[in-house]
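Novice: Before I ask anything, here is the structure I am working with.
There are 2 protein chains.
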Amino acid sequence: MPKKQIQRIAEKKQRQIKFTPQKWLVSSPPDSTLDVIGFPETCGLLNAREIEVANTSVDVLLEKLACGKWTAMDVTASFYKRAIVSHRLVNCLTEIFIDNALTRAAELDDCLKNTGKVVGPLHALQISLKDQLCIEGLETTNAPSVSCVSWIGQYAEKNAVLVDILMECGAVPFVRTNWPESFNNIFGRTTNPYNRSLAPGGSSGGEGVLVFLKGGPLGIGSDLGGYGSYSEGTISSILTPSQQLYSYSLRICGLYGLRPSSSRVPCGGVVTPLEGQDYILPVFGPMTSSIGGVKAFMKAITRAKPWLEVPLTVRKKWNEDEYNLIDHGSGKDLCFAIMWDNGVVVPHPPIRRSMQVTKAALEKAGYKVVDWKPIKHRWDIWSAGSAEEIMITTSVTGELIIATMELENSDAADSITAYQLWQLQKMRRDLRKEYLDHWEATASETGTGRPVDATICPAAPFVATPRGKNSIQAMSKYINYTAVWNVLDYPATIFPVTTVDPNLDAKKSPHYFYDGFNKGIYEMYDPETFKNAPVCLQLVGRTLKDEAVVKMTEIVNAALAAAK
Amino acid sequence: MPKKQIQRIAEKKQRQIKFTPQKWLVSSPPDSTLDVIGFPETCGLLNAREIEVANTSVDVLLEKLACGKWTAMDVTASFYKRAIVSHRLVNCLTEIFIDNALTRAAELDDCLKNTGKVVGPLHALQISLKDQLCIEGLETTNAPSVSCVSWIGQYAEKNAVLVDILMECGAVPFVRTNWPESFNNIFGRTTNPYNRSLAPGGSSGGEGVLVFLKGGPLGIGSDLGGYGSYSEGTISSILTPSQQLYSYSLRICGLYGLRPSSSRVPCGGVVTPLEGQDYILPVFGPMTSSIGGVKAFMKAITRAKPWLEVPLTVRKKWNEDEYNLIDHGSGKDLCFAIMWDNGVVVPHPPIRRSMQVTKAALEKAGYKVVDWKPIKHRWDIWSAGSAEEIMITTSVTGELIIATMELENSDAADSITAYQLWQLQKMRRDLRKEYLDHWEATASETGTGRPVDATICPAAPFVATPRGKNSIQAMSKYINYTAVWNVLDYPATIFPVTTVDPNLDAKKSPHYFYDGFNKGIYEMYDPETFKNAPVCLQLVGRTLKDEAVVKMTEIVNAALAAAK
């Protein structure tokens, strides 16, 4: 790298350190300590009240802030402290702007005191943001290329639309987080707090680990092709394949998340790869420790009429009738489908068990559960176009293709034509129609007169990913438990079900495999390695049924709690 | 053309004649009779009752059919007769299937008699369809290429989704109509009943003249780039430039039409050009003699939940609250904007007068009217990509580029790349944002606290088009009063205001021009040539506000009626 660039990176890092209060810099455990999850609460920096704050779910937090029991100043300072501690552990932050956040918090406290009214539905809630969402006066240096040193020193002249709406809603944007693949030339590598020798996955990896470590109550990630319901993947991740993908922290940290329908949360004024491509639209969504937090976010954002700012956002407020499952028999006789495997990669034992646990809990609660028959998870649509698409996108941004990423088809280096793209788009349209008909056809099995109300499925075939190469072909198989919903634009939540228990989740033998790749994925499973790792599932609904998807996740949650 | 193809065309035409009842073939006026509008009612074939039926608006027709005062059989036979007469005059039909239609009508009559209930909200309504909407057992030979002889003999195995929904709603599909540009190698040229030496424009030209001649109560046209709110244009019309565009019959025939938001009316199972392109989505919409008919159609189709059949259709039923202008002060203090000209082509005197008449009527009725400031009608977005796009689309289908269409930029013959397409799509996205902000900014002028509720503007700069060349550059200027709303995906109605009156609509001198092209357009205006031609305007709302757009058109209509 040229000396001048190295110098600019050093200056940027110095600025980051300068904005970090020295009094909050506790001595961190040595690098050899891999599991640092417990550290924030034992390091001595946080008092009991601050620990209580961090362990409060978003809905309760909002209540306490709205009635003035807790002040915006206190809660903001509390989360900021913990965010700095978390950052020291896993290098998850990019922009630190504590003065702005505390000034904002003071204003919110004054407003509540003077008027007796909250500023909005997210009054005084701290929000962490993936480093794509521009904030006036701050740099956005971290996307989408692996070498974006040239962006250092470019200060945004206005907020992203979502940031403006969050401000209107009374929220306190307070940090921005590292991506993509949680590694880049400026901020380096974000690690996984569960095992710091592992990467956190991505692309919203910085966001995932920050919220997981309770360094913030609610984070905003983005999703393009789908590592997680709150993690960007495929195209974008492939676009910036900064390192091997060691694990999917976003999947193993037990958060709740929502990949909304693409038109619900505004995507304007952000730094995003592949601008102008409409093939799969990027979406922003919440990541937090409760499904109530997901609901609070979605309700606030959609009621702020984001379509008056971003044309691609649909003219649809949060609909309480739909949340109350008006189109699903008011939730009385729900029938869920479970997809045990997708016909491409059989999931690891703990994931299968999590589905069994969920099925039993739902049946105990009086709901019907049927099997989902997987279709088209092998995705001609991706294999046909992915390599070509990657080559286009990398050549567009002129970035490097990292050596750990294998491009199997080097002939695909030429850009595809608009006509070829239309053929891919036609395949996507056909796939959407096929899935729609497939879903409708389940009406014959439910006994409710409706097709299945939601589908529950793995979020990935494993609770952590192999140390293998991040090759495109492999990736298209890894991510096909999530990316299919991106192609279809179906909203999907992520919710935690259980944790890995080596006694219950022993390696099963014999195990069946679809092919050698599937076998390889299975063979990297080791119960002891992933002991206690949270196991999450997805709940998937149909386009624009975000409200119903949130409500049904609450129902599944309640059933799981009751069955324990 | 090869002999074999000529033979196949002859056979197809013979089949059309075979399905035409000989008893309805009255002797038509000689070709030298140019204006044939009055012919159907004076030819002697139709009795007083049949003439009454044809002159009944859709909403009244539906009432009479629902209560059994008129039978489906009688009304279907009545319209079929008049459709055949119309066809003999202007060659507007492609598929004639009277037996199917009468069998269907008999079933509907039986059903009403036996159950006392209508089959659906469009019970027994005759619907004519542009020859894109497949019907089981019929050929669809007429699109999108100028030479689709090879499609002769291919009988559809299922209905288009819209046809299925129309059947569910109780409608009677009864004829299909000629396109594109209302000329093709099989069915030849459709002419303009106002002046048979002129073409009817297109691409839904067959549909337009059939409904204009009252050969059907409601027709379904399609729209891609926008000659009319119910007429396909730009890409598609350019795709199949079968002849010079002599006139826009769809504009001069005084019908009501709606170009809905692209996701409201399902576009599945149809024959459409450029499958897979999502740049501008094709839409289907109604054309009829009353705004009540437009409402009845939209209400019925969206309440049939088309999103359960076509994934791109939005999950949104007709919303009566929105129709009642809940977001527009319940319609009490509406503020309309008028776009007097678009900054590219100044409209002809009768169009300007129609806006003056509308403004006066609205003000008399107590509404506020402000001026709309035109932006970006010169369309870098089109000029940048259109020539390239045309070349792509023509090379895709392999069709001929007709000699009357000039491609100014022959270097553009190569296909553009996916990346270049994304740049166009980014421009479109930027344009959408710019228009959104522009519309929002009008809030400062309305005095209602809202931005303008709707914009009223010309549908074209003239009541009929010049005999000039159908060159791309010219077309991009002709159609920019409509195509901009396609790019933005704003719903727009067409409604008739007045007719050309040579006394009131004299050529104005001096007249101002933007450029030589504009001057050329003006110079072809001649009050006597277009004497008595209906003059229509558009009423435009914002994406997904179809309900409000229909209601506000009713309001404008009432104001115009009251002012007379």
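Note that the protein sequences, when read in sequence, are chains A and B. For the first sequence, counting from 1, position 404 maps to 404 in the numbering used here; every step adds exactly one. Just remember that the numbering used here sits 1000 ahead of the position in the second sequence, which is counted from 1. Glycine included, each C-beta is placed from N, C-alpha and C at the ideal position.
(1) Can you pull the chain A neighbours of LEU1587(B), defined as C-beta to C-beta under 8 Å?
(2) Run down chain B in chain order and give the residues with a C-beta less than 7 Å from the C-beta of LEU421(A).
(3) Since PRO1491(B) meets chain A, which of its residues come closer than 7 Å, beta carbon to beta carbon?
(4) Check distances from the C-beta atoms of the segment 542 to 553 of chain A to those of chain B and list, in chain order, the residues that come in under 9 Å.
(5) Taking contact to mean at least 3 C-beta pairs separated by less than 8 Å, is the segment 1055 to 1067 of chain B in contact with the segment 1152 to 1165 of chain B?
(6) Using the three-state DSSP reduction, which class does ILE135(A) fall into: helix, strand or coil?
(7) Tell me the rounded alpha-carbon separation between VAL1314(B) and THR1302(B).
(8) Just verifying my parser: in three-state terms, what is the DSSP assignment at ILE1375(B)?
(9) From the DSSP output, which residues share a beta bridge with PHE336(A)?
(10) Along the chain, where does the beta strand (DSSP E) that runs through ALA1459(B) open and close?
(11) Going by the DSSP bridge assignment, what does TYR1256(B) pair with across the sheet?
(12) Who are the Cβ neighbours of PRO1111(B) in its own chain at under 6 Å, not counting the five residues just before and after it?
(13) Give me the DSSP bridge partner(s) of GLY1221(B).
(14) Using the beta-carbon of each residue, which ones in chain A are nearer than 7 Å to ARG1432(B)?
(15) Any Cβ of chain A within less than 8 Å of the Cβ of ARG1315(B)?
(16) To which residues of the same chain is ILE1051(B) closer than 7 Å at the C-beta, ignoring the five residues directly before and after it?
(17) Who pairs with SER1128(B) in a beta bridge, going by DSSP?
(18) Mark THR1049(B) as exposed unless 16 or more other C-beta atoms lie within 10 angstroms of its C-beta, in which case mark it buried.
(19) Could you check what DSSP says for TYR490(A) in three-state terms: helix, strand or coil?
(20) Would you call the segment 1010 to 1018 of chain B and the segment 1169 to 1179 of chain B in contact, with 3 or more CB pairs under 8 Å?
(21) Can you say whether ALA562(A) is buried or exposed, counting buried as having 16 or more other CB atoms within 10 angstroms of its CB?
(22) From ALA483(A) to ASN192(A), what does the alpha carbon distance come to, in whole angstroms?
(23) In three-state terms, what does DSSP make of PRO534(A)?
(24) So who's on the other strand from TYR1514(B), going by DSSP bridges?
(25) Could you tell me the boundaries of the beta strand (DSSP E) in which GLU95(A) lies?
(26) Just to confirm, are ILE127(A) and GLY331(A) a CB contact at a threshold of 8 Å?
(27) Pick from MET1287(B), HIS1438(B), THR1358(B), LEU1062(B): whose alpha carbon is nearest that of CYS1457(B)?
(28) Within its chain, find whatever has a CB closer than 8 Å to the CB of ARG88(A); leave out the 5 residues flanking it on each side and keep chain order.
(29) Assign SER204(A) to one of two classes, buried (16 or more other C-beta atoms within 10 Å of its C-beta) or exposed (fewer than that).
(30) Does the beta-carbon of ALA1548(B) have 16 or more other beta-carbons within 10 angstroms, so that it is buried, or is it exposed?
(31) By a C-beta neighbour count over all protein chains shown, 10 Å radius and 16 as the cutoff for buried, is GLY292(A) buried or exposed?
(32) Among residues of its own chain, excluding the 5 on either side of THR446(A), which ones have a beta-carbon nearer than 7 Å to its beta-carbon?
Specialist: To lay it out plainly:
(1) With chain B running from 1001 to 1564 in the structure shown, residue 1587(B) is simply not present.
(2) Position 421 of the first sequence, counted from the start, is the residue given in the question as residue 421(A). For LEU421(A), the residues of chain B that pass the 7 Å Cβ criterion are ALA1418, LEU1421, in the order they occur in the chain.
(3) Residue 1491(B) sits at position 491 when you count from the first residue of the second sequence. Neighbours of PRO1491(B) in chain A, taken as residues at a C-beta separation under 7 Å, are lacking, since the least C-beta distance is about 11 Å.
(4) Only those residues of the segment 542 to 553 of chain A whose C-beta falls short of 9 Å from the nearest C-beta of chain B are listed: ARG542, THR543, LEU544, LYS545.
(5) Between the segment 1055 to 1067 of chain B and the segment 1152 to 1165 of chain B there are fewer than three inter-stretch CB-CB distances shorter than 8 Å, so the stretches are not counted as touching.
(6) Within the first sequence, numbered from 1, the residue matching residue 135(A) stands at position 135. Under the three-state reduction of DSSP, ILE135(A) is assigned to coil, being neither helix nor strand.
(7) Mapped onto the second sequence, residue 1314(B) falls at position 314. Mapped onto the second sequence, residue 1302(B) falls at position 302. Approximately 9 Å, taken between the alpha carbons.
(8) Taking the first residue of the second sequence as 1, we reach residue 1375(B) at position 375. ILE1375(B): coil per DSSP, three-state reduction.
(9) Mapped onto the first sequence, residue 336(A) falls at position 336. Under the DSSP definition of a beta bridge, PHE336(A) partners with VAL369(A), ALA454(A).
(10) As a working note, residue 1459(B) is residue 459 in the second sequence. Premise fails: ALA1459(B) is in no beta strand (DSSP E) and is neither H nor E.
(11) Looking up residue 1256(B) in the second sequence gives position 256. THR1288(B).
(12) For the purposes of this step, residue 1111(B) is identified with residue 111 of the second sequence, where counting begins at 1. A small fix is needed here, since residue 1111(B) is Cys in this sequence, not Pro. Contacts found: VAL1119.
(13) Residue numbering aside, residue 1221(B) sits at position 221 when the second sequence is read from its first letter. Answer is GLY1285(B).
(14) Taking the second sequence and counting its residues from 1, the one referred to as residue 1432(B) is at position 432. Within chain A, the residues near ARG1432(B) are PRO311.
(15) The sequence position of residue 1315(B) within the second sequence is 315, counting from 1. Yes, ARG1315(B) lies at the interface with chain A (some Cβ there is under 8 Å from its Cβ).
(16) Taking the second sequence and counting its residues from 1, one reaches residue 1051(B) at position 51. Sequence-distant Cβ neighbours of ILE1051(B) in its own chain, meaning closer than 7 Å and more than five residues away, are GLU1041.
(17) Looking up residue 1128(B) in the second sequence gives position 128. The partner list for SER1128(B) (beta bridge, DSSP) reads VAL1175(B), GLY1219(B).
(18) In the second sequence, counting from the first residue as 1, residue 1049(B) sits at position 49. This sequence places Arg at residue 1049(B); Thr is not what is there. Looking at its Cβ environment, which holds fewer than 16 other Cβ atoms inside 10 Å, ARG1049(B) is exposed.
(19) The residue labelled residue 490(A) in the question sits at position 490 within the first sequence. TYR490(A): coil per DSSP, three-state reduction.
(20) At 8 Å Cβ cutoff, the stretches do not touch.
(21) Taking the first residue of the first sequence as 1, we reach residue 562(A) at position 562. Burial call: exposed.
(22) As a working note, residue 483(A) is residue 483 in the first sequence. As a working note, residue 192(A) is residue 192 in the first sequence. When rounded, the separation of the alpha-carbon atoms in ALA483(A) and ASN192(A) is 23 Å.
(23) Your numbering for residue 534(A) matches position 534 in the first sequence. Note: PRO534(A) maps to strand in three-state DSSP.
(24) In the second sequence, the residue the question calls residue 1514(B) occupies position 514. DSSP output for TYR1514(B) lists no bridge partner at all.
(25) As a position in the first sequence, residue 95(A) is number 95, starting the count at 1. 93 to 96 is the span of the beta strand (DSSP E), which, as asked, contains GLU95(A).
(26) To locate residue 127(A), count along the first sequence from 1; it is residue 127. To locate residue 331(A), count along the first sequence from 1; it is residue 331. Taking 8 Å as the Cβ cut-off, ILE127(A) and GLY331(A) do not qualify as a contacting pair.
(27) Locating residue 1457(B) in the second sequence gives position 457, counting from the first residue. Nearest C-alpha to CYS1457(B) among MET1287(B), HIS1438(B), THR1358(B), LEU1062(B): THR1358(B).
(28) Here residue 88(A) corresponds to residue number 88 of the first sequence, with the count starting at 1. Answer for ARG88(A): LEU25, VAL26, SER28, listed in chain order.
(29) Looking up residue 204(A) in the first sequence gives position 204. SER204(A) is buried by the Cβ-count criterion.
(30) Reading the second sequence from its first residue, position 548 is the one you call residue 1548(B). That one is buried.
(31) Here the question's residue 292(A) lines up with position 292 in the first sequence. Counting every other CB atom within 10 Å of its CB across the protein chains shown gives GLY292(A) a total of 16 or more, marking it as buried.
(32) Position 446 of the first sequence, counting from 1, holds the residue named residue 446(A). Hits under 7 Å: CYS335, LYS368, VAL370, VAL452.
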